[in-house]
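Numbering (UniProt numbering), first residue to last: 1 to 251.
The beta carbon of each residue, even a glycine, is placed where N, CA and C say it ideally should be.
For reference, the structure discussed in these notes is given below.
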Ligand SMILES: Nc1ncnc2c1ncn2[C@@H]1O[C@H](COP(=O)(O)OP(=O)(O)OP(=O)(O)O)[C@@H](O)[C@H]1O
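Next comes the structure, spelled out in structure tokens:
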């Protein structure tokens, strides 16, 4: 089995609540995997465990053989895992270009963002990466606009551009379609498929079942922190445990 991303007994407790409960799964290189489940199922917490924003209570996460337990988010990002967040983290009073460079590289004095301000060879390299990410996300034409002037839909792409600027091998998207209308969601589906077509491995948390079922090759289902299904969309959509978990919820 592929050892690209291995989640082995991942568990996270918050006081008496077990938000993620002994979840094990693998993501192979080049896969496009969905993570679904009713509200509070533990999806975002699992993403936080992978990307280092929340420490594991027990279990292990490995990426290309490297144990991620205890590593800081920026170290995990440098290993090749890029992510977006459920709530947009865009700086409205900065330009689109600066949002990508700050978001991707941080504001530490030693960071790439500071290097950009200093100029020189390193600045050129970083600038190229930011431009490539903006072009890939169809934002190059608005690079000098303030982020505040972008539509909500385009700000979502800005978040993705920020993750792309880190040149990840695994891209983790947390509810990218939230708040988008039907036509924006269809565009987003095309965009996610095309990123996957570029060779990126993608993990997607999403409540929009149409999007998940149409773009994902495999779907992992969580309910109350536990994995209840892990299969291709056609099987997951008929799984009795999944149907029961969703009964009475809006999804
Ligand atoms: N920092 C925290 N402190 C305490 N409880 C938390 C924390 N983060 C998450 N939880 C709890 O863990 C459970 C899982 O939350 P999580 O956000 O991972 O679910 P989710 O599946 O992403 O939900 P949604 O679809 O609503 O975003 C919830 O009961 C939540 O209240």
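Inter-residue Cα distance where the pair is residue 109 and residue 131: Legend: pLDDT at residue 109 = 46, less than 50; position of this residue unreliable, value from coordinates given subsequently. One Cα belongs to residue 109, the other to residue 131, and the distance between them is close to 22 Å.
Environment of residue 45 [buried if 16+ CB atoms lie within 10 Å]: Counting C-beta atoms within 10 angstroms of its own C-beta, residue 45 has 16 or more neighbours from the protein chains shown and is therefore classed as buried.
The region 142–153 in contact with the region 86–93 per 3-pair CB rule at 8 Å: Output reads yes: the region 86–93 touches the region 142–153.
For residue 47, three-class secondary structure by DSSP: Three-state DSSP puts residue 47 in a helix.
Residue 119, DSSP secondary structure in three states: Three-state result, residue 119: coil.
Residue 73 CB to nearest heavy atom of ligand 1 below 8 Å: Every heavy atom of ligand 1 is 8 Å or more from the Cβ of residue 73, so no.
Check your reading: residues with Cβ closer than 5 Å to ligand 2 heavy atoms: Absence of ligand 2 is noted for the structure shown, with ligand 1 being the only ligands found.
Backbone secondary structure at residue 109 - three-state DSSP: For residue 109, the predicted structure reports a pLDDT of 46, less than 50, and the residue's modelled location is therefore unreliable. The matter cannot be settled from this model.
Residue closest to residue 157, alpha-carbon to alpha-carbon, out of 170, 169 and 178: For the residues 170, 169 and 178, the minimum Cα distance to residue 157 belongs to 178.
Where residue 236 sits in the DSSP three-state scheme: Looking at residue 236 - three-state DSSP - the assignment turns out to be helix.
Residue nearest to residue 237 in terms of C-alpha spacing, selected from 189, 58, 64 and 214: Of 189, 58, 64 and 214, the smallest CA-CA separation from residue 237 is found for 214.
Rounded C-alpha distance that separates residue 100 from residue 210: Distance between residue 100 and residue 210, taken at the CA atoms: about 29 Å.
DSSP three-state assignment for residue 72, whether helix, strand or coil: Coil, per DSSP.
Top-ranked residue by Cα proximity to residue 39, from 235, 231, 222 and 240: The candidate whose alpha carbon is nearest that of residue 39 is 222.
Assigned exposure category for residue 182 - 16 Cβ within 10 Å defines buried: Label assigned to residue 182: exposed.
The beta strand (DSSP E) enclosing residue 53, as first and last residue numbers: For residue 53, no beta strand (DSSP E) segment is defined, and its DSSP state is neither H nor E.
Beta-carbon proximity check, residue 252 vs residue 218, cutoff 9 Å: This structure cannot speak to residue 252, because the chain is shown only from 1 to 251.
Any 3 or more C-beta pairs closer than 8 Å across the region 224–242 and the region 15–26: By the Cβ test, the region 224–242 is in contact with the region 15–26, since at least three Cβ pairs between them sit closer than 8 Å.
Per-residue burial, residue 66 [other beta carbons within 10 Å of its own, 16 or more giving buried]: With fewer than 16 Cβ atoms within 10 Å of its Cβ, residue 66 is classed as exposed.
Helix, strand or coil at residue 26 according to DSSP, with G and I counted as helix: Note: residue 26 maps to strand in three-state DSSP.
Within 9 Å, strictly: CB atoms of residue 96 and residue 150: Yes; because the gap between Cβ atoms is below 9 Å, this pair is in contact.
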